[in-house]
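First up is the structure itself, then whatever we jot down about it.
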Amino acid sequence: MRRTFRGAVALLGATAAVGCASVPELEQDGVSISEIVQRVKCELAFAMPDPQPPYPTGRYQWMRDWTAKVDLTLITNNQASLTPSIAVLHQMPPAVLTGIGTFGQMFGASGGGGVATTAIRNESLSFTVAIKELRAERNRLACDLPNAPDLYGRLGLQEWIASALAPVANSQLRIGHHPPPNGKSLPAPPVAVAAAETQKQILQQKKALVEFWAGVVKEHAKAVDDHAKAVNSGADLKDIQIAYDEAFIVNRATAKAAAEYGKAAVAYKNAKATDPKDLELDRLLQAAKDANDEAAKAKQDVASAIEGLPHDPPIDSIGHQVQFVVMSSANIAPNWSLVSFKGPANAGPLAAASRTNTHTLIIALGAPAVPGSVKPSEEQIRQLNNQHLDALRAPLGQ
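Read in order, the letters of the sequence shown correspond to residues -21 to -1, 1 to 377 in mature numbering (1 follows the signal peptide of the UniProt record, and there is no 0).
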């Protein structure tokens, strides 16, 4: 009995020495990583649409400077456990009860132990590639790649791009200028309107207001022209934004001028009914009309200048995530039932091991922080962060 018990204790003590998981070996060597990168480049090169001339108003010209920010994460999780469970039995003489019968007797003691370990290897790779560069290399890329499992197989990026750009192809999203909500406010007119006045005085004031708003239009139209010329010579993003902001003021001021001219025409009609021989009324209305026409002409010129500038894209960024999770496991449960011993897997497996490979590919397409560079913009970084958070919140299979 004592010898059996000592042997059982020794078995449990050995658990701590053998139940461990080693650091996962590198399953993806340099060649394998290169194959994944090459597949991403190849699929993006043939998935992205070609910008059509002329610049900057041609179809998909808004994507000509876009870049792809790619994050590749390869995680291997090894787990191992050793959980022996035993039962020590001591047979005892049977008990005899007179007149009742004979009953077997036995003493038993169960014991168990366990140790579990986890080892994780996390490999990550991040790179940025310009779509313009991929288009230039399209015919030189080695894209005859095997359709293997996991990230080594077809990633479906062409279908993803086509799906993401469908609202643009269907004209549900359009290029244009999307002004921020905190745009500039219009200046206040200096003309004060009295509580009571004649129709001629109203006409005089409305004529002055039309001329004021026409002056605002011409002032800001000149600013649009100056910054548009600066854009054509240097393509400065700051000049583009200022030109659009000034054009926004031009449009609003032109609408104000037209509204005041309409009121001036009503005041002229009422004043003419009172004094049809007053020739000054005609001069006042004509001056208001001339100012309104000048504002409308300036607005047309601004529209032509803005049309030649790069427009805000219909889509700010596009994000995509591909994740593969491969899980494998094994266990063993040998067990002996002897006279004085049961084990070492009396209540479950003796040893178990598992491996989980999680491969995640995240792509964020968008305009870079600086045109012509590969530095990611805030929009691309936001897209990447959201994709990483989604990967943490909703692992595959949950």
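A virtual CB, placed ideally from N, CA and C, is assigned to each residue, including glycine. The model shown is predicted, which means the values in this text are computed figures rather than measured ones.
(request) Return the CA-CA distance between Leu130 and Ile12, expressed in angstroms with no decimal places. (result) 10 Å
(request) For the alpha helix (DSSP H) holding Leu260, just list the boundary residues, first then last. (result) Leu258 to Glu286
(request) Might you give, ordered along the chain, the residues of its own chain that have their beta carbon closer than 7 Å to the beta carbon of Pro166, omitting 5 neighbours on each side? (result) Closer than 7 Å at Cβ, skipping near neighbours: Val195.
(request) For my contact list, Leu260 and Tyr240 are in at a C-beta cut-off of 8 Å; report their separation, rounded to the angstrom. (result) Not confirmed; about 15 Å, so no contact.
(message) Alpha carbons only, please: which of Phe191, Leu329 and Gly287 is nearest the one belonging to Ala267?
(response) Checked all of Phe191, Leu329 and Gly287; the closest Cα to Ala267 is Phe191.
(message) Going by C-alpha to C-alpha distance, which of Gln31, Gly37, Ser316 and Ala234 sits closest to Lys278?
(response) Ala234
(message) With distance defined between alpha-carbon atoms, name the residue in Phe106, Pro323 and Ala24 nearest to Pro313.
(response) Pro323
(message) Measuring CB atoms only, is the segment 294 to 309 touching the segment 23 to 40, in the sense that at least three cross pairs come out at less than 8 Å?
(response) no
(request) With DSSP collapsed to three states, give me the class of Ile342. (result) strand
(request) Identify every run of the alpha helix (DSSP H) within the segment 180 to 258, keeping only runs that are complete inside it and at least 4 residues long; order them along the chain. (result) 216 to 253
(request) Express the C-alpha separation of Met85 and Gly92 in angstroms, rounding to a whole number. (result) Distance between the alpha carbons of Gly92 and Met85: 24 Å.
(message) By the three-class DSSP mapping on this structure, what secondary structure does residue 393 have?
(response) With the chain covering only -21 through 377, there is no way to say anything about residue 393.
(request) Could you tell me if Gln359 is buried or exposed, where buried requires 16 or more neighbouring beta carbons within 10 angstroms of its beta carbon? (result) buried
(request) Using 10 angstroms around the beta-carbon of Ile297, count the other beta-carbons present and answer buried if the total reaches 16, otherwise exposed. (result) buried
(message) Mapping the DSSP letters down to three states, classify Ala175 as helix, strand or coil.
(response) Confidence in Ala175 is poor, its pLDDT being 45 and thus under 50, which makes the residue's placement too unreliable to answer from.
(message) For Lys197 and Ala243, I'd like the C-alpha separation in whole angstroms.
(response) 20 Å
(request) Compare the Cα-Cα distances from Pro350 to each of Asp44, Gly37 and Thr52 and report the closest residue. (result) Asp44
(message) Between the alpha carbons of Asn365 and His299, how many angstroms are there, rounded?
(response) C-alpha separation (whole angstroms): 10 Å.
(request) Please go through the same chain and pick out, in chain order, the residues whose beta-carbon is closer than 7 Å to the beta-carbon of Trp154, but skip the five residues on each side of it. (result) According to the sequence provided, residue 154 is Ile. The question's Trp does not apply to it. These residues qualify, in order along the chain: Trp41, His290, Asp291, Pro292 and Pro293.
(message) Alpha carbons only, please: which of Ala370, Gln362 and Gly345 is nearest the one belonging to Ala109?
(response) Gly345
(message) I'd like the list of long-range same chain contacts for Asp50, defined as Cβ closer than 6 Å, with 5 residues on each side in sequence excluded.
(response) Ser105 and Ile341
(message) Rounded to the nearest angstrom, what separates Cys122 and Val203 at their Cα positions?
(response) 47 Å
(message) Assuming Asn56 and Arg334 are in contact, meaning their beta carbons sit under 8 Å apart, how far apart are those beta carbons, in whole angstroms?
(response) About 7 Å separates the two Cβ atoms, so the contact holds.
(request) Look at Glu14 and Thr52 and say whether their C-beta atoms are less than 9 Å apart. (result) no
(request) State the Cα-Cα distance for the pair Arg133 and Gly327, rounded to the nearest angstrom. (result) 41 Å
(message) At the level of alpha carbons, what is the spacing between residue 414 and Lys201?
(response) Summary: the structure shown does not reach residue 414, with the chain confined to residues -21 through 377, and so no result is reported for it.
(message) Using 9 Å as the threshold, is the C-beta distance between Val67 and Gly90 below it?
(response) yes
(request) Look up Asn310 in the DSSP assignment and say whether it is helix, strand or coil. (result) Strand at Asn310.
(request) In angstroms with no decimal places, state the Cα-to-Cα distance between Lys185 and Glu225. (result) 24 Å
(request) With Val108 as the anchor, note down where its alpha helix (DSSP H) starts and where it stops. (result) First-last for Val108: Val94 to Ala109, but that is the beta strand (DSSP E), not the alpha helix (DSSP H).
(request) Tell me, please, which residues DSSP counts as bridged to Ala331. (result) Ser60 and Asn310
(request) Can you tell me which of the three DSSP states Asp50 falls into? (result) strand
(request) Evaluate Met(-21) with the Cβ neighbour count: other Cβ atoms within 10 Å of its Cβ, from every protein chain shown; 16 or more gives buried, anything less gives exposed. (result) Unreliable positioning characterises Met(-21) in this predicted model, as indicated by a pLDDT of 48, which lies under 50. A coordinate reading is not provided.
(message) Taking DSSP's pairing of strands, which residues face Leu136 in a bridge?
(response) Residue pairing by DSSP places Leu136 in no beta bridge whatsoever.
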